[in-house]
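Numbering follows the numbering used here, with no gaps: position 124 of the sequence shown is 124.
Have a look at the structure below, then the notes.
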Amino acid sequence: MADQLLACERHGETTRLTCAECGAPICPRCMVRTDVGLRCEHCATPTAPAGPAPRSRRRLVVAGVAALVGLVVIAAALLTSGVLGREDAPVDVGPVVGTWEQAPALQRIRGSTSAIALPDGKVAAVGGGLGSVPLAATELLDPDAQAWTPTGDLTEARRGHRAVALEDGRLLVAGGFDGSDLLASAEVYDPAAGTWSPTGPMAEPRLGHTMTVLADGAVLVTGGTGETGAAGQGSQSIQPSASAELYEPDTGIWESVGEMLVPRFEHTATPLPDGRVLIAGGQGRQRDEVAPVADVELYDPNTRTFSRTAPMLNARTDHAAAALDDGRVLVVGGDAGDAAIATAELFEPARGSWSEVAPMRQPRRGHSVTLLEDGTVLAAAGEFFVRGSRTSLASAERYDPAEDVWANAGEMGCPRSEHGAARLADGTVLLAAGDAAFPGNPPIAQSCVDVYSPASG
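Here's what the structure looks like:
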């Protein structure tokens, strides 16, 4: 049967998941998500090739240095498309805009986490994980005291969750993974009491979903993936979800608002000035596979319906998006399926159209983007990725929409991806924790914190 329960070879837990490469049963505690689906830890560990990799565009270019007269032209084309690039070999470094400083480290080491700015100026670091082991720990940074202090733990340890600040100053966390199961549960943090309390659960468990605060204070949750169904990498059970729910903070109740036109996870959801939400990219069904998509749709809170709009110029997942001051939405980077990309594009809400803009200086996925007070956008950290090999980045760059150029924004002290990022009251940007991944090694959770100060003027 397609839904037959198996036993994980490492942990002995019942599971419906199998490694996309060797077929071994795996459980959520030891699964590793790669560009070709979920794998066991053994198959997911990159190995050094014995010779040149014929399918790697970068190695083809390097191998042909002596023979190809037009190497410079080819390399320039690859850089423009966002396929070729390395953090340790940037093109046209140029002057550095802004500065990075290391801030006090978190008291608890954690990988993918959420960092949220509170109304009182403090920052909360919520949950995360040590590898596959989730954390309930929550810490608060007081920028004036320059110290992290523990506050109430989550009622359920979780990683891969989503978190937002509600209009009344509370925090809402929903979904994620508790070490053995995906979660539908949600909870609310009261800054005055310093405690978390359960609130109504979502209708279904979600991982890789989005949460967006709407103009009326309600919270829209879209997509994600659960543990049921079969949308095919090997025989594993991955099901991109099209469902959407709306959370009402006053009642603590979730209400279904139908389905998106395209099931997806690891997408972005960005509020527009007119109250609609732009939902872009992610992983969805492509024939019999799960792969990055270019599909885009709009959620209208007035009608509670989704409608299709123009697709992006590039299919992408694990990308980042930011709403600009003029109402346009910038989408940058991500994973095209077998490699990180540097491409960037802008959505014009009035026309419902996309236009290509200057690519980032460095291909990256799992990065953060933050709108700065002067209207420029900071793209920070993430990882360079190609065919299963991951290299965490310490670099950052800054996009000027008026000039359509990316400037070198320097390097932080800690390479990271899937980190928490928050803009503080003074206009600086804080990056917390995240995973450090390098070829041949498993990702390492961290406690380091870096703060970016934009250049004046």
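Don't be surprised by glycine CBs; every beta carbon is placed ideally from N, CA and C.
Check whether residue i and residue j have beta carbons under 8 Å apart
| i | j | result |
| --- | --- | --- |
| P349 | L214 | no |
| A510 | A344 | This structure gives no information on residue 510, because the portion of the chain shown stretches from 1 to 457. |
| A459 | G98 | Residue 459 lies beyond the range of the chain shown here (1 to 457); nothing can be said about it. |
| L207 | T225 | yes |
| R390 | A339 | no |
| A163 | L171 | yes |
| W406 | R398 | yes |
| I279 | V296 | yes |
| L371 | G327 | no |
| V293 | V332 | no |
| T428 | D400 | no |
| L140 | A124 | yes |
| A422 | L130 | no |
| Q283 | E266 | yes |
| L135 | G128 | yes |
| A320 | A379 | yes |
Same chain, Cβ closer than 8 Å to residue i, five either side skipped, listed in chain order
| i | result |
| --- | --- |
| S447 | A105, L106, Q107, R108, I109, R110 and A433 |
| A186 | L172, V173, A174, G175, P198, T199, G200, P201, M202, Y247 and W254 |
Assigned exposure category for residue i - 16 Cβ within 10 Å defines buried
| i | result |
| --- | --- |
| R308 | exposed |
| E356 | exposed |
| T138 | buried |
| A103 | buried |
| T303 | exposed |
| L430 | buried |
| C22 | exposed |
| P439 | exposed |
| R365 | buried |
Start and end residues, beta strand (DSSP E) containing residue i
| i | result |
| --- | --- |
| N408 | V405 to R416 |
| T461 | A question about residue 461 goes unanswered here, because the residues of the chain that appear run from 1 up to 457. |
| S256 | I253 to E259 |
| R423 | G420 to R423 |
| R308 | T305 to T309 |
| R285 | Q283 to Q286 |
| I279 | V277 to A280 |
| F385 | E383 to V386 |
| F347 | A344 to E348 |
Cβ separation of residue i and residue j, assumed to be a contact under 8 Å, to the nearest whole Å
| i | j | result |
| --- | --- | --- |
| R361 | A336 | Actually they are not in contact, since the Cβ atoms of R361 and A336 sit about 17 Å apart, beyond 8 Å. |
| P249 | G217 | 6 Å |
| S114 | G334 | With a Cβ gap of about 19 Å, S114 and G334 do not count as contacting. |
| H269 | V257 | Going by the sequence as given, residue 269 is Ala instead of His. 13 Å between Cβ atoms; not a contact. |
Same chain, Cβ closer than 6 Å to residue i, neighbours up to 5 away in sequence not counted
| i | result |
| --- | --- |
| E101 | V451 |
| A425 | G121 |
| L313 | E345, W354 and E356 |
| W196 | G152, L154, T155, E187 and Y189 |
Residues near residue i by beta carbon distance below 7 Å, same chain, minus five either side
| i | result |
| --- | --- |
| A455 | V97 and G98 |
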